[in-house]
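Asker:
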Amino acid sequence: MSIEIDARGLPCPQPVIKTKEAYAKGKGETLVIIVSTVESRDNVARFLKHSGAEIERIEEKPGEFYIYTKEIPETGTADIKPEEYVCTPQQGGTGTTVFINKDRVGHGSDELGINLVRAFIATIKDLSVQPKAICFMNGGVKLTVKGSETLPYLKELEEKGVELLVCGTCLGYFNLKEQLGAGRISNMYDISETMLKSSKVITI
Amino acid sequence: MVFAIITFHNTHFALKAKRVLEMNGNKPEIIPVPREFSSECGFCCKVLWEEKDKTEDLLKGHCVEFDAVHRWERDEEMERQKKFRFV
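Protein chains in written order, with this note's numbering: chain R, 861 to 1064; chain D, 89 to 175.
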């Protein structure tokens, strides 16, 4: 028999606590835990591992994760401290947003930095995992305009469904609004909201 | 499509190669070295295979030392269609 634990929408560490309760009652049975964030998925998986239960598989559906366990061992222990399973402050968000606020990576050499940012974008377009959005601000908007060497890569990312949000104020400042080649002109509201609703923001 | 992947001993040569090729009217792509090849430098130069000889000559003519030239077959369209997931 399988015990289903619906922990969708619950803040951390509630999914772990509910899993722990089911674990205590479910010796010899399998569990299906449904969560809605990456952090909850990882926390529940970590708890199961520490408790001696084996994960059969994890299925990912839009906004949901189904964690299937093998039979809960008689010898396993669910003696955990819930405070160890508190999520990061970004709890509730989904997906990764990349924030690019200049047209190069880091400091030291501009030539190197410009080529690094190009290489970064060229690389992520080929990976099997993609960010949900890339936000461009300040000098970063220069990567999205016609003539930019990164433009073909960005177009590919856009075709794949990665949202490209380009700061309109910044394009205006550099007088590049007419030159936009990929993404959509966006504003501080959209960009801030996208970042705050992400489970992770990576700044380049 | 078939490309020539030119690898270098260090980043300075990779960037110099880009400058030299651009000065001569070429449009080289500087990309991270594909995983199947290894190199001391993380950057490589990607040009069409047909342009391999011309590119090599240009680099040699401008004293840009390179490490190796690899043949890289890649279906760009298939790459575009490749499955991925959002994280």
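Cβ coordinates follow ideal geometry from the N, Cα and C atoms, glycine included. In this text the structure is predicted, and so the values were computed from the model without any measurement.
Which residues, taken in chain order from the stretch 962-975 of chain R, show a beta carbon closer than 8 Å to some beta carbon of chain D?
Answerer: Within the stretch 962-975 of chain R, the residues whose Cβ lies closer than 8 Å to some Cβ of chain D are E971, L972, N975, listed in chain order.
Asker: Identify every run of the alpha helix (DSSP H) within the stretch 973-1054 of chain R, keeping only runs that are complete inside it and at least 4 residues long; order them along the chain.
Answerer: Here the runs fully enclosed are 1011-1019, 1028-1033.
Asker: Taking Q1039(R) as the query, report the chain C residues whose CB atoms sit under 7 Å from its CB, ordered along the chain.
Answerer: Structure shown: chain C not included; protein chains present are R and D.
Asker: Quick check on DSSP: helix, strand or coil for E914(R)?
Answerer: Of the three classes helix, strand and coil, the one that applies to E914(R) here is coil, per DSSP.
Asker: For a contact defined as C-beta to C-beta under 8 Å, what are the partners of A982(R) on chain D?
Answerer: In chain order: E117, I119, P120.
Asker: Just how far apart, CA to CA, sit Q950(R) and C151(D)?
Answerer: With a pLDDT of 47 at Q950(R), under the threshold of 50, the modelled position of this residue cannot be trusted; read the value that follows with caution. Cα-Cα distance, rounded: 51 Å.
Asker: When you compare the stretch 1005-1022 of chain R with the stretch 905-922 of chain R, are there three or more beta-carbon pairs, one atom per stretch, that lie closer than 8 Å?
Answerer: Not touching, per the Cβ criterion.
Asker: Which residues in chain R sit within 8 Å of V135(D), going by Cβ to Cβ distance?
Answerer: Neighbours of V135(D) on chain R: none; closest Cβ ~14 Å, over 8 Å.
Asker: So, is I93(D) buried or exposed, given that buried needs 16 or more other C-beta atoms within 10 angstroms?
Answerer: Buried is the call here.
Asker: By DSSP, does P871(R) sit in helix, in strand, or in coil?
Answerer: Coil.
Asker: Output the distance between the C-alpha atoms of D163(D) and Q1039(R), rounded to the nearest integer angstrom.
Answerer: Cα-Cα distance, rounded: 30 Å.
Asker: Consult DSSP for H100(D) and reduce its assignment to one of helix, strand or coil.
Answerer: In this structure, H100(D) counts as helix in the three-state DSSP scheme.
Asker: If we count the other Cβ atoms within 10 Å of its Cβ and call it buried at 16 or more, is F125(D) buried or exposed?
Answerer: Classification for F125(D): exposed.
Asker: I want to verify the contact list: residues of chain D whose CB lies under 9 Å from the CB of D902(R), in sequence order.
Answerer: Going along chain D, no residue has its Cβ under 9 Å from D902(R), so there is no contact; the nearest lies around 12 Å.
Asker: May I ask you to verify whether the stretch 961-978 of chain R touches the stretch 992-1003 of chain R, counting CB pairs closer than 8 Å and requiring at least 3?
Answerer: With the cut-off at 8 Å, the stretch 961-978 of chain R and the stretch 992-1003 of chain R touch.
Asker: Mind checking who W160(D) pairs with in its DSSP beta bridge?
Answerer: According to DSSP, which records beta bridges pairwise, W160(D) is partnered with F91(D).
Asker: With C-beta atoms as the reference, is T890(R) less than 7 Å away from T929(R)?
Answerer: Contact flag set, yes.
Asker: Just to check my reading of the structure: Y945(R) and P873(R) have Cβ atoms closer than 8 Å, yes? What is that Cβ distance to the nearest angstrom?
Answerer: Yes, Y945(R) and P873(R) are in contact; Cβ-Cβ is about 4 Å, under 8 Å.
Asker: May I ask which residues mark the beginning and end of the alpha helix (DSSP H) holding K1057(R)?
Answerer: First-last for K1057(R): undefined, no H or E at that position.
Asker: What residues are listed by DSSP as bridge partners for C133(D)?
Answerer: Answer is I94(D), I118(D).
Asker: Counting C-beta neighbours from all protein chains within 10 Å, is the total for P116(D) 16 or more, i.e. buried, or is it exposed?
Answerer: P116(D) is buried by the Cβ-count criterion.
Asker: Once you ignore the five residues that flank V121(D) on each side, which residues in its own chain have a CB closer than 8 Å to its CB?
Answerer: Cβ neighbours of V121(D) beyond the five flanking positions: I93, T95, S127, C129, G130, F131, C132.
Asker: So, for R906(R): in the same chain, excluding its five sequence neighbours on each side, which residues have a beta-carbon less than 8 Å away from its beta-carbon?
Answerer: Y945.
Asker: Could you check which residue in K992(R), Y926(R), G888(R), G923(R) has the C-alpha nearest to that of G912(R)?
Answerer: For the residues K992(R), Y926(R), G888(R), G923(R), the minimum Cα distance to G912(R) belongs to G888(R).
Asker: Using a cut-off of 8 Å between C-beta atoms, extract the partners of T99(D) located in chain R.
Answerer: The contacting residues are L972.
Asker: In the DSSP assignment, find the alpha helix (DSSP H) that holds D141(D) and state where it starts and stops.
Answerer: First-last of the alpha helix (DSSP H) with D141(D): 140-149.
Asker: Hey, which unbroken runs of the alpha helix (DSSP H) at 4 residues or more fall wholly within the stretch 879-938 of chain R?
Answerer: The qualifying runs are 898-911.
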